[in-house]
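Visitor:
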Amino acid sequence: MELSRGVYSEPEETLLTTRALTYLSGGPADVVDLIGNICSLPGAPRIVAEHMAHAMFAGRPQFVRDADGRWMLADLTPNSYAVARGWPRAIGQSADDLLHRLSYVVVDTETTGGRSWLGDRITEIAAVVVRDGQIAEVYETLVNPLRPIPPFITQLTNITWDMVKDAPTFDRVAPDVMRVLEGNVFVAHNANFDWRFLTTELSRSTGRQLRGRKLCTVKIARKVLPQLSRRSLDYVARYYGIEIRNRHRAGGDALATAKCLIRLMSDLADRGCATWGELQTLLRAPAGRRKKRRPSGLPTPVTRDTTA
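The structure is reproduced here in structure tokens:
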């Protein structure tokens with residue numbers, strides 16, 4: 004079985020080391036994100052994740068850590084590793100893949116809160132496919148979360164219970180969601196948030212896990228637009244002159260992020276970053292020192308979106 008260059012799903016029974024191979028084929032990962040994804044333990048305490056990773060990868064030279072302490076494959080080309088017991092090899096993904104020849108799916112989710120591991124659910128999802136530098140498809144749907152929407156979330160997103168009570172539950176939209184995702188590189192603004200929620204929902208409804216390459220436009224913007232004081236979606240979109248319609252709704256945010264991705268990819272090409280491997284090297288490079296700002300003593304306003 005050959006895996007595509009983008010996102011795919013697999014049964015939860017897959018060996019953990021095989022999961023790690025396929026997950027890390029998309030690039031280096033922080034230990035908390037890595038263990039959260041391959042062991043279905045999102046938000047695990049760092050000390051627990053560290054112990055689990057060391058136990059899992061002991062004596063396996065294909066798993067190494069980079070200068071920032073993130074786990075990665077010793078060879079970024081996953082074709083060099085044979086996967087045990089007949090599980091699929093991660094073929095088709097190469098560090099030499101040209102960025103402009105890959106297709107991307109830009110995702111945004113609206114949720115009942117920020118903690119998927121404590122029962123928060125998706126209320127709306129949008130996915131925008133970007134191919135050949137153009138928007139090729141837009142998918143968008145409300146989702147019944149089967150739980151109340153807190154008032155402060157409604158204040159932020161304008162999504163009410165009346166809007167979602169007759170909407171399909173996630174198990175009903177899961178096939179359509181995977182159809183849009185499969186084969187494309189997963190992209191989001193603060194990608195771990197949306198990836199975590201989708202993985203949790205897919206596991207709950209289908210018994211499958213989301214795997215494959217992912218990119219975070221926040222991280223790309225840090226490298227491409229170091230002059231920006233912040234890399235929130237509002238700041239990046241404003242820099243590129245992109246209007247965000249329906250801010251804090253999945254469709255509006257996903258479409259704006261897709262347009263930002265197209266511009267970011269163009270800027271990457273202008274600076275000579277042309278392949279997946281070159282992009283991963285750029286994203287791993289240490290960031291320049293910035294003067295730390297004293298944190299505000301005031302609580303974060305409930306109307307402020309801390310995920311995008």
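Each number in my numbering corresponds to the 1-based position in the sequence shown with 3 added.
Just so it is clear, CB atoms sit at the ideal spot from N, CA and C, and this is done for glycine as well.
#1: Can you list, in chain order, the residues of its chain whose CB lies under 8 Å from that of residue 162, leaving out five sequence neighbours each side?
#2: Let me know the secondary structure DSSP gives residue 246 once reduced to three states.
#3: Residue 146 by DSSP, collapsed to three states: which one?
#4: Looking at the unbroken alpha helix (DSSP H) that takes in residue 222, where does it start and where does it end?
#5: When the Cα atoms are used, what is the spatial distance from residue 194 to residue 62?
#6: Is the Cβ-Cβ distance between residue 67 and residue 52 less than 8 Å?
#7: State the CB to CB distance for the pair residue 215 and residue 120, rounded to an integer number of angstroms; the pair is presumed to be in contact (CB under 8 Å).
#8: Would you give the residue range spanned by the beta strand (DSSP E) that residue 33 belongs to?
#9: Tell me which residue opens and which closes the alpha helix (DSSP H) that residue 158 is part of.
#10: For residue 270, which of helix, strand or coil comes out of DSSP?
#11: Between the Cα of residue 158 and the Cα atoms of 171, 115 and 198, which residue gives the shortest distance?
#12: Between residue 111 and residue 98, which are expected to be in contact by the criterion C-beta below 8 Å, what is the C-beta distance as a whole number of angstroms?
#13: Within this structure, are the beta carbons of residue 247 and residue 255 separated by less than 8 Å?
#14: Which class does residue 65 belong to by DSSP, given the choice of helix, strand or coil?
#15: Look up residue 10 in the DSSP assignment and give the residues it is bridged to.
#16: What are the boundary residues of the alpha helix (DSSP H) that residue 197 is part of?
Guide: Looking at the atomic coordinates:
#1: 113, 126, 127, 145, 152, 156 and 252
#2: Note: residue 246 maps to coil in three-state DSSP.
#3: coil
#4: 220 to 227
#5: Rounded to whole angstroms, residue 194 to residue 62 spans 31 Å at the Cα level.
#6: no
#7: With 8 Å as the limit, residue 215 and residue 120 do not qualify as a contact, their Cβ atoms being about 21 Å apart.
#8: Residue 33 -> no beta strand (DSSP E), and no H or E assigned at all.
#9: 154 to 160 is the extent of the alpha helix (DSSP H) around residue 158.
#10: The answer is helix: DSSP assigns residue 270 an H, G or I state.
#11: 115
#12: Contact flag wrong, Cβ pair sits at about 28 Å.
#13: Contact: yes.
#14: coil
#15: 185
#16: 194 to 209
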